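In my numbering, the protein residues as written are 6 to 199. Even glycine gets a Cβ: it sits at the ideal position worked out from N, Cα and C. Here the structure is a predicted model, which means the values were calculated and not measured.
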C-alpha cells in the first residue's frame with residue numbers, strides 16, 4: 006500500500022510560546038523526528054504545511070515538500086486541504102499528522118497501513134490508546150476530492166461521521182500525547198530520554 010503523509014506545522018504555538026515544529030528532541034527537532042519516523046515506515050511522499058514559520062523551515066533544508074499556508078488562522082483543516090492538493094495520483098492512502106504529536110512509532114504507522122489494507126470496506130483507520138482516539142488518522146486516497154471540497158468549519162472529525170472509519174487499538178501511547186504547553190513538551194522529552 007503506497008501512502009503519503011501530510012504533516013501539519015502551520016499552527017501559531019501560542020500556548021507553547023515557541024514554534025513546535027522546531028522544538029529540540031535530543032539532536033533533532035519535533036518535525037525532523039516525525040520525518041525520520043515516516044521514512045522508516047516506508048512512506049514516500051511527505052508534505053509539510055507551514056505557516057509563519059515557513060522561512061525558518063526553509064532554512065533547515067529539509068528533503069520534503071514544504072507548502073506555505075498563508076492563512077493559518079483559518080484552522081488546521083485549511084492546512085489539510087493545502088497538503089492534500091499536493092499529493093500525487095498514484096497513492097492509496099494519506100496520513101494526517103499534527104507536528105505536535107511527534108513520538109508516534111514507525112510500527113504504529115505500518116500497523117495502520119496493514120489494517121487499512123486488510124479492511125477494504127474501511128475509508129480510513131484511526132489509532133486509539135485505551136479507548137481514546139489519537140493521531141495520525143490514515144485515510145484512503147479516494148477521499149481526497151471530498152477533503153479538497155469540504156467545508157472546513159467542522160474540521161476533519163466532522164467528516165468521519167459520513168465515512169467508514171476503523172478504530173485500531175494500539176499499545177503506542179504516543180498516539181494521544183501532544184505538546185501544546187511547555188509542561189507537555191517537557192514530559193515528551195522525558196519519554197525520549199527514558
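How far does the alpha helix (DSSP H) with residue i in it reach, from first residue to last?
i, result
"residue 106", "Residue 106 -> no alpha helix (DSSP H), and no H or E assigned at all."
"residue 151", "149–154"
"residue 37", "35–45"
"residue 181", "Note, residue 181: premise wrong, no alpha helix (DSSP H); not H, not E."
"residue 81", "81–90"
"residue 162", "160–165"
"residue 60", "59–64"
What is the C-beta distance between residue i and residue j, in whole angstroms, given that I count them as a contact (C-beta under 8 angstroms)?
i, j, result
"residue 25", "residue 16", "7 angstroms"
"residue 39", "residue 100", "About 10 angstroms separates the two Cβ atoms, so there is no contact after all."
"residue 74", "residue 87", "5 angstroms"
"residue 161", "residue 85", "6 angstroms"
"residue 145", "residue 129", "6 angstroms"
Would you give the residue range spanned by the beta strand (DSSP E) that residue i belongs to?
i, result
"residue 111", "Note, residue 111: premise wrong, no beta strand (DSSP E); alpha helix (DSSP H) at 111–123."
"residue 11", "8–14"
"residue 143", "143–145"
Taking residue i as the reference, which of the options has the closest Cα?
i, options, result
"residue 18", "45, 121, 73 and 78", "78"
"residue 66", "27, 87 and 140", "27"
"residue 56", "12, 46, 123 and 41", "12"
"residue 147", "98, 54 and 69", "98"
"residue 140", "103, 161 and 50", "103"
"residue 111", "158, 75, 156 and 41", "41"
"residue 155", "89, 186, 188 and 138", "89"
"residue 165", "9, 138 and 117", "138"
"residue 175", "95, 70 and 115", "115"
"residue 76", "54, 23, 184 and 127", "54"
"residue 68", "83, 44 and 195", "44"
Quick one: what's residue i bridged to in DSSP?
i, result
"residue 71", "53"
"residue 133", "138 and 174"
"residue 99", "9 and 144"
"residue 29", "34"
| Contact between the segment 105–122 and the segment 163–179: three or more CB pairs below 8 angstroms? | yes
- prompt: Counting pairs of beta carbons, one from the segment 45–65 and one from the segment 129–144, are three or more of them closer than 8 angstroms?
  reply: Cβ pair count under 8 angstroms is below three, so no.
*Segment contact, 8 angstroms Cβ cut-off, at least three pairs: the segment 167–175 with the segment 114–124*: Yes: the two stretches touch, three or more of their Cβ pairs being nearer than 8 angstroms.
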